[in-house]
Amino acid sequence: MVRAVMDRVKTVTCPYGGLCPVKDVHTFEKLVNTSKLLEACSTVDPLKECCLPVCQPAIVDAALKLSAGNLTVIGGKDMIGGAVNVNAVNDCKMVVFSWISRELPSEAADAAFRALFACKTNKVCPLDFRHPSEVVKACRNVAAPSPSCCSSLKAYVDGIQKQMLVTNKQAIICAIVFASILQDAGVMTNVYQLCDVDLKDFTLQSHTAFGQQGCLLGSLPADVVFDNSTGYGFTCDLNDDTEAPWPSLSSSSSFSLCAEKLIAVRPTSTSGNSGCCSGGLEFIVFFLSLVLFRVVSY
143 MVRAVMDRVK
153 TVTCPYGGLC
163 PVKDVHTFEK
173 LVNTSKLLEA
183 CSTVDPLKEC
193 CLPVCQPAIV
203 DAALKLSAGN
213 LTVIGGKDMI
223 GGAVNVNAVN
233 DCKMVVFSWI
243 SRELPSEAAD
253 AAFRALFACK
263 TNKVCPLDFR
273 HPSEVVKACR
283 NVAAPSPSCC
293 SSLKAYVDGI
303 QKQMLVTNKQ
313 AIICAIVFAS
323 ILQDAGVMTN
333 VYQLCDVDLK
343 DFTLQSHTAF
353 GQQGCLLGSL
363 PADVVFDNST
373 GYGFTCDLND
383 DTEAPWPSLS
393 SSSSFSLCAE
403 KLIAVRPTST
413 SGNSGCCSGG
423 LEFIVFFLSL
433 VLFRVVSY
């Protein structure tokens with residue numbers, strides 16, 4: 143799918159068009175430090191790039207130079223200090239993507255763009271949380287495992303997990319968001335620990351030979367692949383039982399996926415299951431529509 147987006151980028155911007163004033167490769171390479179750009183984007187670390195970006199700022203810097211610097215060359219006007227045309231910068235970012243895809247080997251460009259798209263996707267929790275009034279009522283004053291609290295909590299989580307597949311990074315954020323909601327309502331005990339709530343409890347469940355298990359994607363759209371014979375497919379981790387993180391009161395309002403503690407609990411897929419249209423037509427269409435929306439809206 144990302145390769146299709148890359149092909150679309152090439153079609154739209156070769157020759158370069160839109161509001162970006164660059165019209166040829168020669169001008170592009172005159173204005174942009176191409177060696178610096180290739181160094182930043184030739185190998186993109188899927189986790190580090192989201193926390194300490196290297197390729198993303200290099201792309202933005204190149205786009206800014208194209209949108210402003212070349213106007214100075216073409217129009218003979220000093221654009222420094224002037225208003226930045228956001229639409230022109232966005233068009234120039236597409237030009238930069240196109241240039242990178244031309245210069246890097248196909249597999250390297252594909253991996254880099256997938257990692258960049260995944261960073262955008264994993265910034266927020268995509269789940270919708272209704273107010274957990276019943277959970278709050280059952281769990282507000284518990285200090286030890288409570289059947290009523292755990293039953294209410296499990297019932298709530300069972301409801302939200304049906305919304306969609308999430309990545310392991312999104313699951314971390316979702317767990318902290320929900321914990322913060324509970325804390326704000328007066329639930330101070332780590333009920334995840336008391337009731338054995340794991341990260342994979344926050345994602346769509348898969349029916350396996352071992353029962354119902356949560357399917358956590360490693361990243362998105364990096365794990366989505368297309369095969370001419372089998373169609374779209376993805377791999378998910380069914381066996382990681384990482385406990386959902388419960389934030390301290392001091393950090394719950396300012397959590398970050400890049401915090402050392404959260405990176406430490408991020409599950410690593412040691413085994414998994416592949417899926418390709420095996421969860422029913424409705425399931426796969428919903429899932430792919432989510433992927434397409436995320437990629438195109440980048």
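When we follow the numbering used here, the leftmost residue of the sequence shown carries the number 143, and every step to the right adds one. From the three backbone atoms N, C-alpha and C, an ideal C-beta is built for every residue, glycine too.
When DSSP labels each residue in this structure, what does residue i get in the three-state scheme?
| i | result |
| --- | --- |
| M347 | The residue asked about is misnamed: residue 347 is Gln in this sequence, not Met. Looking at Q347 - three-state DSSP - the assignment turns out to be strand. |
| D166 | coil |
| T331 | coil |
| F271 | coil |
| L161 | coil |
| V228 | helix |
| S243 | helix |
| V266 | coil |
| V147 | Bear in mind that a pLDDT of 45 at V147, under 50, signals an unreliable position, so the number given afterwards is only what the model happens to contain. Here V147 sits in helix by DSSP. |
So who's on the other strand from residue i, going by DSSP bridges?
| i | result |
| --- | --- |
| D233 | Answer by DSSP bridge pairing: none, since D233 is not bridged. |
| E385 | D340 |
| G373 | D369 |
| L359 | T309 and C378 |
Output the boundary residues of the beta strand (DSSP E) element that contains residue i.
| i | result |
| --- | --- |
| D369 | V367 to D369 |
At what residues does the alpha helix (DSSP H) containing residue i begin and finish?
| i | result |
| --- | --- |
| C494 | Limits of the chain in this structure are 143 at one end and 440 at the other, which puts residue 494 out of reach. |
For my contact list, residue i and residue j are in at a C-beta cut-off of 8 Å; report their separation, rounded to the angstrom.
| i | j | result |
| --- | --- | --- |
| C192 | A182 | Wrong, their Cβ atoms sit about 15 Å apart, outside the cutoff. |
| C291 | V237 | So it is not a contact: roughly 55 Å between Cβ atoms. |
| S322 | P389 | 7 Å |
| K86 | L346 | This structure cannot settle anything about residue 86, because the visible part of the chain is limited to 143 through 440. |
| C234 | V329 | At roughly 48 Å, the Cβ-Cβ gap does not stay under 8 Å, so C234 and V329 are not in contact. |
| V231 | L206 | 6 Å |
| F271 | V319 | 7 Å |
| L343 | A386 | Checking the sequence, you will find Asp at residue 343 rather than Leu. Contact flag correct, Cβ pair sits at about 7 Å. |
| V308 | P268 | 6 Å |
| A254 | L246 | 7 Å |
| L208 | L173 | 6 Å |
| L341 | L358 | 6 Å |
| V339 | V299 | 6 Å |
| V277 | L324 | 7 Å |
| K190 | N264 | Their Cβ separation, rounded to whole angstroms, is 13 Å, which puts K190 and N264 out of contact at 8 Å. |
| A260 | P188 | 6 Å |
| A251 | S243 | 5 Å |
Less than 7 Å between the CB of residue i and some heavy atom of the ligand HEM, yes or no?
| i | result |
| --- | --- |
| A210 | With respect to the ligand HEM, the structure shown offers nothing to examine, as it has no ligands at all. |
Practice prompt. Taking only runs that begin and end inside the segment 278–328, name each unbroken alpha helix (DSSP H) of 4 or more residues, in chain order.
Written response: If we require 4 residues or more, the alpha helix (DSSP H) runs fully inside the segment 278–328 come out as 289–302 and 310–326.
(request) Just list the alpha helix (DSSP H) runs in the segment 170–209, keeping only unbroken ones of 4 residues or longer that don't cross its boundaries, in chain order. (result) The segment 170–209 contains these whole alpha helix (DSSP H) runs: 176–183, 190–193 and 197–206.
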